[in-house]
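Peer 1:
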Amino acid sequence: MIRVLIADEIARIVGDLEKLEPYRDEVDVCGVAHQASAVIEEAWLRQPDVLVLHERFADLPPSDFAAHLASVSPTTRVLLMTASATTEVADTWAAGTISEAAAGADLLEAIRVAARAFPHGVVSVVDTPVPGEGGAAAGQARREVRAPVGRATVIVAFSGKGGTGTSMVATNLVVILAHGAGARAALVDIDLQFGDAAGMLHVEHHPLTAADLAAQGEDIDPTLLDDVLATGPADVRVLRAPSSPELAEAITAAHLRAIIRATARASDFVVVDTPSHLDERVLEAFELADRLLLVTSYNLSAVRGTKATLLMLEALGVDLDRVDVVLNHTRPRTNYRREDIEEILGRRILVDLPYDPRVDPSLDSGTPIVLAQPRAELSRRLNSLAELVAAPAGTTETSALDAPAPETPAYRRRFSLGRR
Ligand SMILES: Nc1ncnc2c1ncn2[C@@H]1O[C@H](COP(=O)(O)OP(=O)(O)O)[C@@H](O)[C@H]1O
Ligand SMILES: [Mg+2]
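At position 71 of the sequence shown (counting the first as 1) the number is 72 in the working numbering, and the numbers step up by one without a gap.
#1: Can you list every residue whose CB sits closer than 5 Å to some heavy atom of ligand 2, going in chain order?
#2: Is the segment 188-199 touching the segment 326-333 in the sense that three or more CB pairs, one from each, lie closer than 8 Å?
#3: Anyone know if the C-beta pair for V53 and A8 falls short of 8 Å?
#4: Mind reading off the beta-carbon distance from T165 to A303? Whole number of angstroms is fine, and I expect it under 8 Å.
#5: Mapping the DSSP letters down to three states, classify H55 as helix, strand or coil.
#6: Taking all protein chains shown into account, do 16 or more other C-beta atoms lie within 10 angstroms of the C-beta of L321, making it buried, or fewer, making it exposed?
#7: Apart from the five residues just before and just after M28, which ones in its own chain have a Cβ nearer than 7 Å to its Cβ?
#8: Taking just the CA atoms, how far does T167 sit from V158?
#9: Between S64 and W45, is the Cβ-Cβ spacing less than 8 Å?
#10: Is the CB-CB distance between E19 and H55 below 8 Å?
#11: What's the call for P369, buried or exposed, on a 16-neighbour Cβ count within 10 Å?
#12: I'd like to confirm the pairing. Which residues does DSSP put opposite I99 in its beta bridges?
#13: With contact counted as at least three CB pairs below 8 Å, one residue from each stretch, are the segment 353-362 and the segment 329-339 in contact?
#14: What are the start and end residues of the alpha helix (DSSP H) that includes S244?
#15: So I350 is in the beta strand (DSSP E); what residue range does that whole segment cover?
#16: Please report the distance separating the alpha-carbon of F195 from that of V239.
#17: Would you say the beta carbon of D325 comes nearer than 7 Å to a heavy atom of ligand 1?
#18: If you count every other CB in all the chains shown that lies within 10 Å of the CB of S245, and 16 or more means buried, which is it?
#19: Taking the alpha-carbon of A34 as reference, which of D50, I11, R25 and D17 has the nearest alpha-carbon?
#20: Tell me the residue span of the alpha helix (DSSP H) that contains L174.
#21: Under the DSSP definition of a beta bridge, which residues are partnered with N329?
#22: To which residues of the same chain is M313 closer than 7 Å at the C-beta, ignoring the five residues directly before and after it?
#23: I think I252 touches V155, with their Cβ atoms under 8 Å apart; what is that distance to the nearest whole Å?
#24: Can you find a heavy atom of ligand 1 that lies under 7 Å from the Cβ of T98?
#25: From which residue to which residue does the alpha helix (DSSP H) around R382 run?
#26: In the DSSP output, what is A199 paired with across the bridge?
#27: Just reading off the alpha helix (DSSP H) that L317 is part of, what are its end residues?
#28: Grab me the residues of Q48's own chain with a C-beta within less than 6 Å of its C-beta, minus the 5 sequence neighbours each way, in chain order.
#29: Going by DSSP, which residues form a beta bridge with G218?
#30: Per DSSP, what kind of secondary structure is L240 in: helix, strand or coil?
#31: From which residue to which residue does the alpha helix (DSSP H) around G16 run?
#32: Between E247 and T210, what straight-line distance do the alpha-carbon atoms span, to the nearest angstrom?
#33: Provide the residue span of the alpha helix (DSSP H) that contains I41, from first to last.
#34: Between the C-alpha atoms of L422 and E205, what's the straight-line distance to the nearest angstrom?
#35: Suppose you measure from the CA of L214 to the CA of L225; what does that come to, to the nearest Å?
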């Protein structure tokens, strides 16, 4: 078994995980680093045999990088991934190079060759600080451990592919939680560029959006938050996505964390609707989530996207107990069975949502189907889903919010859902 750490942008990591998935019995992706500043720290934590490092992530100058890497993980060999098609060994510190466009079999072969190569030896490691023992740059990249706040349950709905019904699930779920449970429920739309949840909850004319909160920095005033949140059906509070891509661009992962935390303090439930791609902001939401719902549908590319997302969450060290897959029928007929999809994913489906032609008009009119058609089978299943996810993390298991800081490996502490 070759243990591999992948250091690259999230989107490419997801692609590489998909490429390597058929070779799981030979290659174990033991971790990923999705920020250049975290590469050394991740190598130190995981001690991989091979570091697949995208050239844009190689913190240069290369000789310093190689020395630093060798000091924290001496047996790790570097396979440099390049944007160009050239596969010549670029430098002596890398055991090999591979094009980012290479097929899975070629990537596997390059990993095999790199794993057999002699590690890049470095003589002088005396001055190189070890991450985690103070001042190292990589140490500063470590995410802070979240302090517990409030008791809101944060539920994040995500799909690796658009059009699977993520927003349909998120908007119906939040309405059920507000309506049935009489709880304070809020929907935060972090599909910052194309968010349409406001329209689905009939508050698209509300003038204030997430951009107005981000403008205030990371210290969010509760009164301002109350003004910015619109009020939709069943008194659901809604945080609209910004009205233009430029405004969306200005919202950082840190802003988003502050926004979700502030909303969680003012609510019993926060449902987060997400875009269909992964970026730092979406990962931030994952990290704050008590429950993560991966919405998939009956088509192969959606299921593949969900599979890749599961692989990436696993490589990130996320506790998969808090992750569930929801299977949604967006079309009246399908060629697949639920069992086929469970087999591809290697996981049970939590809830199967039927097709209902009334979904589209309900989304367009801003009245979620659970209110417009409460007796529909789809509404019944959405209610079951709400019941399953509404139990606050901690009622069925030891709460991550209450527990004292556990003696777990640092990478678990850094990325376990539900810690904030
Ligand atoms: N169960 C369903 N039955 C019928 N149509 C559905 C169902 N779920 C979703 N749809 C339709 O699929 C489309 C995509 O849904 P949406 O929630 O916007 O997906 P996403 O947020 O994942 O992009 C919408 O037009 C919606 O009406
Ligand atoms: Mg959506």
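Don't be surprised by glycine CBs; every beta carbon is placed ideally from N, CA and C.
Peer 2: Answer, in terms of the structure:
#1: Qualifying residues, in the order they occur: T167 and S168.
#2: no
#3: yes
#4: 5 Å
#5: strand
#6: exposed
#7: According to the sequence displayed, residue 28 carries Val and not Met. So the list reads I3, V5, L21, L109 and I112, once near-sequence residues are dropped.
#8: Per the sequence shown, the amino acid found at residue 158 is Ala instead of Val. Looking at the two C-alpha atoms, the distance is approximately 6 Å.
#9: no
#10: At least 8 Å separates the beta-carbon of E19 from that of H55.
#11: buried
#12: M82
#13: yes
#14: Counting along the chain, S244 falls outside any alpha helix (DSSP H), and DSSP gives it neither H nor E.
#15: I350 to L354
#16: 16 Å
#17: For ligand 1, not one heavy atom lies less than 7 Å from the Cβ of D325.
#18: exposed
#19: Residue I11 is the option with its Cα nearest to A34.
#20: T167 to H180
#21: S298 and L354
#22: I14, V15, L18 and V33
#23: Rounded, the Cβ-Cβ distance is 18 Å, inconsistent with contact.
#24: no
#25: From DSSP, the alpha helix (DSSP H) with R382 extends over E378 to A391.
#26: Note: A199 sits in no beta bridge, so no partner.
#27: In the DSSP assignment, L317 falls outside any alpha helix (DSSP H) and carries neither an H nor an E.
#28: S74
#29: Bridge partners of G218: none, in fact.
#30: strand
#31: For G16, the enclosing alpha helix (DSSP H) has its first and last residue at I11 to L21.
#32: 13 Å
#33: V40 to R47
#34: Because the chain is modelled from 2 through 421, residue 422 falls outside the range shown and cannot be assessed.
#35: 8 Å
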